[in-house]
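Notes to accompany the following structure.
6 protein chains.
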Amino acid sequence: MALVPLIDYDDATPEVRAIYDDIRATRRVDWINNFWKALANDPATLERVWGSVKSVMAPGAIDALTKEMLYVAFSVTNNCEYCIHSHTAAAGAKGMTRQMFGELMAVVALANETNRLANGYRIDVDERFRDPVPR
Amino acid sequence: MALVPLIDYDDATPEVRAIYDDIRATRRVDWINNFWKALANDPATLERVWGSVKSVMAPGAIDALTKEMLYVAFSVTNNCEYCIHSHTAAAGAKGMTRQMFGELMAVVALANETNRLANGYRIDVDERFRDPVPR
Amino acid sequence: MALVPLIDYDDATPEVRAIYDDIRATRRVDWINNFWKALANDPATLERVWGSVKSVMAPGAIDALTKEMLYVAFSVTNNCEYCIHSHTAAAGAKGMTRQMFGELMAVVALANETNRLANGYRIDVDERFRDPVPR
Amino acid sequence: MALVPLIDYDDATPEVRAIYDDIRATRRVDWINNFWKALANDPATLERVWGSVKSVMAPGAIDALTKEMLYVAFSVTNNCEYCIHSHTAAAGAKGMTRQMFGELMAVVALANETNRLANGYRIDVDERFRDPVPR
Amino acid sequence: MALVPLIDYDDATPEVRAIYDDIRATRRVDWINNFWKALANDPATLERVWGSVKSVMAPGAIDALTKEMLYVAFSVTNNCEYCIHSHTAAAGAKGMTRQMFGELMAVVALANETNRLANGYRIDVDERFRDPVPR
Amino acid sequence: MALVPLIDYDDATPEVRAIYDDIRATRRVDWINNFWKALANDPATLERVWGSVKSVMAPGAIDALTKEMLYVAFSVTNNCEYCIHSHTAAAGAKGMTRQMFGELMAVVALANETNRLANGYRIDVDERFRDPVPR
């Protein structure tokens with residue numbers, strides 16, 4: 001059970017309702033999921049986090065589906081049950097297929113494996129990898 | 136400094152050389168990076184992990200660039216310096232631009248933020264998110 | 271369900287009872303929570319961990335409420351459901367308000383975000399930050 | 406070495422300079438630390454993250470020193486070297502003493518210990534802890 | 541509830557059945573646990589991961605019981621409920637006693653404590669520890 | 676560089692020297708490693724943590740070498756460079772061979788992989804695994 005009450009649209013202040021309206025309009029859905037209803041207990045955080053999500057998750061140099069799959073991937077590593085469910089659903093709505101989900105899990109798991117091998121052996125960065133971000 | 140010696144091609148056993156050859160042929164590069172040279176101290180692990188990487192990272196339902204960016208993302212969360220450098224270089228070689236790198240960091244960071252909000256508030260999964268993987 | 275039976279006061283050995291008595295006296299409560307009842311299966315661990323908690327969590331240069339909120343913060347990042355509940359309750363008993371809980375969650379989440387940005391960009395420590403602990 | 410160039414004030418765009426000015430004014434310092442100089446490569450992220458930090462870290466129901474020590478605590482658990490240095494320096498500037506730093510480390514370490522005991526034994530939440538956030 | 545259907549032996553393809561048969565023969569059990577039934581939705585991952593587990597977990601320079609206890613230990617730190625249960629059962633079947641389980645939890649918890657102390661104080665590696673892997 | 680000065684034997688208080696003496700006697704070594712020299716800045720933590728390490732790491736139902744290898748394993752997952760070096764050296768002194776180190780890394784890495792698969796697919800615990808700790 002959530003540690004705070006979930007605030008429904010009808011019980012929300014005008015300030016919170018305006019954010020709920022923006023969430024629904026931006027996402028083209030007719031409901032508000034529990035994450036935002038919980039954050040609404042702290043309207044400043046609701047406004048700030050929604051602003052970040054809206055801005056960061058919008059399509060840019062990386063498309064929206066890839067961003068959503070990245071979110072699923074982190075939710076698995078951080079073992080956030082809520083996030084796994086909500087972002088898998090969102091990724092599905094944006095075009096992730098069942099097969100893509102399977103491959104995503106495989107990459108997530110393998111990266112967690114090889115990260116430990118590199119850390120455990122304390123492998124030095126190759127000279128050629130020193131300045132890896134493209135210009 | 137790596138905890139084990141890095142095994143160069145010329146010092147490798149025929150078994151290890153065959154894997155090095157496959158790495159170079161598969162990736163179309165003319166060198167072997169330190170990660171594999173360290174794993175070569177344990178040839179069974181070298182063979183098994185390379186087999187996994189070759190299979191999982193090949194393009195499939197998810198394209199190779201997206202998979203590589205996922206690897207960068209995990210390397211950041213697990214704070215694996217070697218992995219951040221090597222996979223950022225690999226993603227760059229596959230087409231990631233500087234702007235995409237910036238957006239990738241933004242998504243990684245934000246996901247780590249919102250994961251904690253969902254975990255901290257112990258938010259219940261919405262009924263609509265219960266069965267999120269597409270059929 | 272806990273992996274080991276929870277040992278109630280009436281079923282405990284005199285050695286365990288003495289620790290239970292100390293927990294109740296130190297905390298001024300009339301019951302024992304499940305964490306200690308589980309550890310009581312391994313009396314040496316019960317004694318050692320209670321000794322550490324009693325010593326570390328006592329007010330010192332940092333007051334007891336701040337220490338308790340730090341505990342909540344870690345429990346969120348490590349996603350320990352039991353710990354989130356028990357330490358949030360303890361922090362509340364020591365004076366944490368609902369608004370403080372909201373701000374605490376916001377700091378926890380934001381720190382997890384900016385930690386990844388610093389790690390991902392591999393930012394060098396500024397010279398002025400080299401020796402940061404006050405004398 | 407940082408993965409991106411650090412952008413000094415003199416080389417920054419007017420948009421970035423305005424944020425740098427706000428950072429210096431808000432913090433009453435006459436310099437910009439490397440974190441912001443790295444984020445300046447992606448001005449949208451610089452603006453968004455600075456906005457979050459400015460808002461979340463301002464004194465509120467929790468005082469600014471406590472918030473800064475929370476930041477140190479997370480940086481230790483996430484093993485972010487840059488963050489440990491920068492936030493320890495910031496906490497020192499806000500009044501954290503050497504003794505408080507020592508106690509902070511002790512709480513961080515102990516919380517990471519007991520979190521694992523609770524997770525490992527899969528201890529059920531006590532009924533009395535079910536609804537722990539104060540009204 | 542698992543995010544994908546669990547595939548029973550009778551509903552499995554011949555390819556998946558062959559892996560199920562190998563799991564049962566290798567482990568000398570007459571059933572298949574849910575982990576493999578979930579992975580069977582992605583037969584390539586099932587085959588690859590089972591191959592890795594079979595190879596890595598076989599007795600070698602480290603005996604099978606110690607390897608299984610290592611698995612329990614990680615499952616606690618990563619807070620993977622399924623893994624804690626399944627690997628604790630497996631370790632028990634290989635000879636772990638109740639007392640060993642208690643000591644295992646104590647080591648896991650303590651290691652998570654002292655790791656944070658070393659990371660938090662940013663302690664330099666002693667010269668004598670520079671090259672620690674035995675020849 | 677460590678965030679606090681390392682306190683050598685000759686500069687230590689009698690209280691700290693007594694603990695240093697106990698560390699050397701218990702471990703049959705003639706020197707003190709940096710970890711303890713850093714903790715000595717906070718004598719209460721030095722005493723408490725050394726007491727815990729001495730008690731938990733002593734041979735019991737689990738032998739001392741296995742306990743030390745568990746420590747190495749966690750240090751890799753938590754990416755604690757100091758701890759990887761110091762505990763690998765300690766495990767080597769207790770009998771870990773180079774081949775055992777290689778197998779240890781393989782188990783650590785694989786456990787981090789399969790933990791994510793179980794968490795990602797949200798696999799339900801099998802009924803047979805419900806009560807896994809041996810009586």
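Protein chains in written order, with my numbering: chain C, 1 to 135; chain U, 136 to 270; chain B, 271 to 405; chain Y, 406 to 540; chain G, 541 to 675; chain H, 676 to 810.
Beta carbons: idealized from backbone N, C-alpha and C, even for Gly.
Residue 533 of chain Y does not reach chain C, its nearest Cβ partner there being about 14 Å away, counting only Cβ pairs nearer than 9 Å. Scanning chain C for C-beta atoms nearer than 7 Å to the C-beta of residue 794 of chain H yields 76, 79, reported in chain order. Contact between residue 807 of chain H and residue 635 of chain G is ruled out by a C-beta separation of about 14 Å, above the 8 Å threshold.
In the same chain as residue 206 of chain U, and ignoring 5 residues on each side of it, the C-beta atoms closer than 6 Å to its own belong to 222, in chain order. Straight-line spacing of the CA atoms in residue 621 of chain G and residue 526 of chain Y works out to 10 Å.
When B:379, B:353, B:334 are compared, the shortest CA-CA separation from residue 530 of chain Y is found for B:353. The DSSP assignment places 14 to 27, 34 to 39, 43 to 57 as complete runs of the alpha helix (DSSP H) inside the segment 7 to 57 of chain C, in order along the chain (cut-off: 4 residues).
For residue 748 of chain H, the enclosing alpha helix (DSSP H) stretches over residues 739 to 752. Taking the Cα positions, residue 667 of chain G is about 26 Å away from residue 389 of chain B.
With fewer than 16 other Cβ atoms from the protein chains shown falling within 10 Å of its own Cβ, residue 145 of chain U counts as exposed.
Between residue 135 of chain C and residue 233 of chain U a beta carbon distance of about 6 Å is seen, short of the 8 Å cut, so the two are scored as contacting. In terms of Cβ geometry, residue 274 of chain B and residue 314 of chain B do not form a close pair [threshold 7 Å]. Between the segment 234 to 251 of chain U and the segment 367 to 383 of chain B, the count of C-beta pairs closer than 8 Å reaches three or more; the two stretches touch. When B:335, B:322, B:292 are compared, the shortest CA-CA separation from residue 359 of chain B is found for B:335.
Straight-line measurement puts the Cα of residue 7 of chain C at about 10 Å from the Cα of residue 35 of chain C. Its Cα nearest to that of residue 586 of chain G, the residue G:572 stands out among G:572, G:541, G:645. Looking at the backbone, the Cα of residue 607 of chain G and that of residue 754 of chain H are separated by about 20 Å. Rounded to whole angstroms, the gap between the alpha carbons of residue 779 of chain H and residue 176 of chain U is 13 Å. Here DSSP, grouped into helix, strand and coil, assigns residue 3 of chain C to coil. The beta carbon of residue 343 of chain B sits closer than 6 Å to the beta carbons of 378 from its chain, once the five residues preceding and following it are set aside; these are given in chain order. Selection H:731, H:775, H:776, H:676 evaluated against residue 642 of chain G yields H:731 as nearest (Cα-Cα). In terms of Cβ geometry, residue 528 of chain Y and residue 370 of chain B do not form a close pair [threshold 7 Å].
Near chain B, meaning a CB-to-CB distance below 7 Å, the residues of the segment 41 to 68 of chain C are 41, 42, 45. Listed along chain Y is no residue with a C-beta nearer than 7 Å to that of residue 681 of chain H; the closest approach is about 15 Å.
A distance below 8 Å between beta-carbons, with the five flanking residues on each side excluded, links residue 733 of chain H to the following residues of its chain, in chain order: 739.
When the five nearest sequence neighbours on each side are left out, the beta carbons in the same chain lying within less than 6 Å of the beta carbon of residue 555 of chain G are those of 583, in order along the chain.
No Cβ-Cβ contact shorter than 7 Å links residue 588 of chain G with residue 210 of chain U. Within chain G, the residues whose beta carbon sits less than 7 Å from that of residue 521 of chain Y are 616, 617, 648, 649, 652, listed in sequence order. Contact of residue 133 of chain C with chain Y by beta-carbon distance below 8 Å involves 408, 409.
In this structure, the straight-line span from the alpha carbon of residue 609 of chain G to that of residue 625 of chain G is close to 12 Å. Counted as a single uninterrupted DSSP element, the alpha helix (DSSP H) harbouring residue 113 of chain C occupies residues 98 to 120.
Judged by DSSP secondary structure, residue 489 of chain Y falls within the alpha helix (DSSP H) whose first and last residues are 486 to 498.
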